[in-house]
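A short write-up of the structure that comes next.
Number of protein chains: 2
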Amino acid sequence: MSSHRPTIVDVAAAAGVSKSLVSLALRDAPGVSATTRARIMAIADDLGYRSHTWARALAAGRSQVIGILLNDLHSAYHTDIVEGIERAADAAGLTTVLSHGQRDPKVLAQRLGHLQDLSVDGVIVVSALLSPDALAHAAQRGPVVVVGRTTQVADTVGAVWNNDEVGAHLAVEHLARLGHTRIAHLAGSHRPASQARRAAFHATMTALDLPAPHLVCDDTDTVIASVRAGATTAVFASNDTRAARLLGAALDAGISVPGDLGVVGYDNTELTELLRPRLTSVDQPRHEMGQRALAILTDLLGGGPARVEVVAPRLIVRDSSGPSPTP
Amino acid sequence: MSSHRPTIVDVAAAAGVSKSLVSLALRDAPGVSATTRARIMAIADDLGYRSHTWARALAAGRSQVIGILLNDLHSAYHTDIVEGIERAADAAGLTTVLSHGQRDPKVLAQRLGHLQDLSVDGVIVVSALLSPDALAHAAQRGPVVVVGRTTQVADTVGAVWNNDEVGAHLAVEHLARLGHTRIAHLAGSHRPASQARRAAFHATMTALDLPAPHLVCDDTDTVIASVRAGATTAVFASNDTRAARLLGAALDAGISVPGDLGVVGYDNTELTELLRPRLTSVDQPRHEMGQRALAILTDLLGGGPARVEVVAPRLIVRDSSGPSPTP
DNA sequence: GCAACGTTCTGGAGCGTTCCAGTTCCGTTC
DNA sequence: GAACGGAACTGGAACGCTCCAGAACGTTGC
């Protein structure tokens, strides 16, 4: 009645072979006859044997486990990326564990450390909040890939992000094509992705010859005031949550969307379908980004160089963007 | 230029003491003089030593890591619970790792197995999708606490959930007090929590002497049709997402909320503030639930019995519920 | 009939840590 | 000055596994 978790030694004893052979058999390694292997497998199963991941890792030097660190769990955006990673990891026979950092760079860095303490084989950071320094530092301990735009870092860190320039361009062009000329940008933080979207907003406005000044601010009230004053008829928001807040504020202010105001978000989260009007948004291919991140990581594990991949976004048109009101 | 991660042996060599002493010093164990301890600490720090969690776990038989399994990452509801758990875990000096099961009982069971393969000290399951059998089975391998209502299981599994009866009662009573008599229930799945809410809906309707029949269905269209027919003026939805869909459908159908239709959700997720009108909802004390789950788990680790705790929800009134339209 | 070979299997060392039973050293006490 | 006791420290076994060198055995070829 030993309540002990069975080990390969137990299996070996039951099968009348050495523990080494059990190890080989269970790992599908060559050098074990088919019949013996089958017998060992059956006995292991019978005993309820499960391999002890970390004992294995300790002995083998690899754990076949990768860590995923995400910004926070609240974000609908990050989770699809995680799914992409996990699907690819499953296919590659890797296990994943998650951790998250509550949107706080300090916590993120700490959790990244914890993850690496577990001696996972590598870490994928799904967050743009970690400084290049922190990433480079972590990369000294083990392979690191970041999903999310960063200012370019040490070439030891792999990265995947979407092309924010293209995304912003798609959004603004779409609004312009609907006849809007007074387009504002509801901007995000000062992180690289937001910066890029902001810069691309300006560039596109200029390229399309739309009349200056181009209103850019990070504050809903200012935008609403501008709409009321007739100085803005459409807004490109730097993400869906901001767009949702703007939508709420517009309805509160009696501004009809898309009648008086066209709105385009970014990230194509599930919010887009829950809000009314449904939100036009720029979609990042999140699953694909996750897959690519894992591919970069496995290459890194195989001794390859860290590379950066940039994927293309596309615009999903829904109800929040319509023709410009005739002036 | 050994790129090797430093071990206690390296630290011991550098400090000119035995590895045992280093181990003691780093763990703050007694039997080390203050000066030696300080010296060892300094040297460890210097070398960038970090303890190898799983080697430690292997030797000590405990890892000080607990696993958290969640339903899926998309759910705004679960994430606060996780935060509650993690905050408590931090305070208790435990590390956490997450995993999730994509809303699929099969995947959940598999991930639960993976988590236990990592030989974490215990697992908290934040999902109501796992069968009592699966939970009991997992509990044989190690301590398990579930957050979310389950039909009562083996007394080896700890549990926390909110009092759905009280929650449903609060919602219906609120609507009744506003003058609604024709209240429908937009029901959830057949899981225990939904069942309980449904049953409590009926019980409350009866207790309040509201006229039968009490419409219960899980389909938005039917509810909308009933509102159109004048047979329903208010809806208690089994969760916020369902309520959000109903809100969308109502607006699509030209039904004004709360004018023609009062809506109350459940879970008080962030959706409640993003939607218009803002959603009245029943709040579960999610942080508290997470904390309690961890408390139960640590008691379990200490050899205590598994217990079940039920916490009280409360109603948060917002804009989606207003006085009944005069008939 | 014997060497050479391939296949299957074994024993022991080692991964980084903890734990336990000692050992050493120093200050007290009688 | 011998005996004791406690604090500080050490060495080796153990945790469950992998890896490697080599043993055992049957086949093949000459």
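Chains as they are written, first to last, in the numbering used here: chain W, 19 to 345; chain Z, 19 to 345. Note that CB positions come from ideal geometry on N, CA and C, so glycine has one too.
Checking contacts by CB at 8 Å: is residue i closer than that to chain Z?
| i | result |
| --- | --- |
| residue 31 of chain W | no |
| residue 116 of chain W | yes |
| residue 168 of chain W | no |
| residue 298 of chain W | no |
| residue 100 of chain W | yes |
Under 8 Å between C-beta atoms, does residue i make it to chain W?
| i | result |
| --- | --- |
| residue 69 of chain Z | yes |
| residue 281 of chain Z | no |
| residue 294 of chain Z | yes |
| residue 335 of chain Z | no |
Pull up the distance between the alpha-carbon of residue i and that of residue j, whole angstroms please.
| i | j | result |
| --- | --- | --- |
| residue 113 of chain W | residue 138 of chain W | 10 Å |
| residue 327 of chain W | residue 298 of chain W | 26 Å |
| residue 90 of chain W | residue 259 of chain W | 15 Å |
| residue 58 of chain W | residue 36 of chain W | 11 Å |
| residue 199 of chain W | residue 223 of chain Z | 55 Å |
| residue 245 of chain Z | residue 194 of chain W | 40 Å |
| residue 351 of chain W | residue 232 of chain Z | Outside the shown range of chain W (19 to 345) lies residue 351 of chain W, about which nothing can therefore be said. |
| residue 120 of chain W | residue 132 of chain W | 15 Å |
| residue 241 of chain W | residue 277 of chain Z | 29 Å |
| residue 146 of chain W | residue 181 of chain W | 14 Å |
| residue 184 of chain W | residue 325 of chain W | 21 Å |
| residue 334 of chain W | residue 66 of chain Z | 49 Å |
| residue 209 of chain Z | residue 40 of chain W | 42 Å |
| residue 301 of chain W | residue 272 of chain Z | 29 Å |
| residue 108 of chain W | residue 144 of chain Z | 22 Å |
| residue 170 of chain W | residue 151 of chain W | 11 Å |
| residue 350 of chain Z | residue 33 of chain Z | Past the edges of chain Z, shown from 19 to 345, lies residue 350 of chain Z, and the structure says nothing about it. |
| residue 140 of chain W | residue 87 of chain W | 11 Å |
| residue 311 of chain Z | residue 179 of chain Z | 9 Å |
| residue 256 of chain W | residue 111 of chain Z | 39 Å |
Buried or exposed, going by whether 16 or more other CB atoms sit within 10 Å of the CB of residue i?
| i | result |
| --- | --- |
| residue 283 of chain W | buried |
| residue 331 of chain Z | buried |
| residue 229 of chain W | exposed |
| residue 118 of chain W | buried |
| residue 280 of chain Z | buried |
| residue 96 of chain Z | buried |
| residue 122 of chain W | exposed |
| residue 339 of chain Z | buried |
| residue 27 of chain Z | exposed |
| residue 85 of chain Z | buried |
| residue 270 of chain W | exposed |
| residue 250 of chain W | buried |
| residue 98 of chain Z | buried |
| residue 309 of chain W | buried |
| residue 78 of chain Z | exposed |
| residue 322 of chain W | exposed |
| residue 80 of chain Z | exposed |
| residue 290 of chain Z | buried |
| residue 53 of chain Z | exposed |
| residue 294 of chain W | buried |
Can you name the residues of chain W whose CB is closer than 7 Å to the CB of residue i?
| i | result |
| --- | --- |
| residue 73 of chain Z | 76 |
| residue 113 of chain Z | 132 |
| residue 178 of chain Z | Residues of chain W passing the Cβ test: none, with the nearest at roughly 18 Å. |
| residue 97 of chain Z | 91, 92 |
For residue i, which residues in chain Z fall below 9 Å Cβ to Cβ?
| i | result |
| --- | --- |
| residue 175 of chain W | Under the 9 Å cutoff, chain Z gives no residues; its nearest Cβ is about 17 Å from residue 175 of chain W. |
| residue 290 of chain W | Those do not exist, as residue 290 of chain W stays about 12 Å from chain Z at its closest Cβ, beyond 9 Å. |
Starting from the beta carbon of residue i, find every residue of chain Z whose beta carbon is closer than 7 Å, and list them in chain order.
| i | result |
| --- | --- |
| residue 94 of chain W | 92 |
Exercise. Of all the residues that make up the segment 248-276 of chain Z, which are near chain W by a beta-carbon distance shorter than 7 Å?
Worked result: If you check each beta-carbon in the segment 248-276 of chain Z against every beta-carbon of chain W, the ones closer than 7 Å belong to 262, 266, 269.
Problem set entry | Interface positions of the segment 133-165 of chain W facing chain Z (Cβ-Cβ less than 7 Å), listed along the chain | Answer set for the segment 133-165 of chain W: 135, 136, 137.
Exercise. What residues in the segment 301-332 of chain W have a beta carbon less than 8 Å from any beta carbon of chain Z?
Worked result: Flagged: no residues at all.
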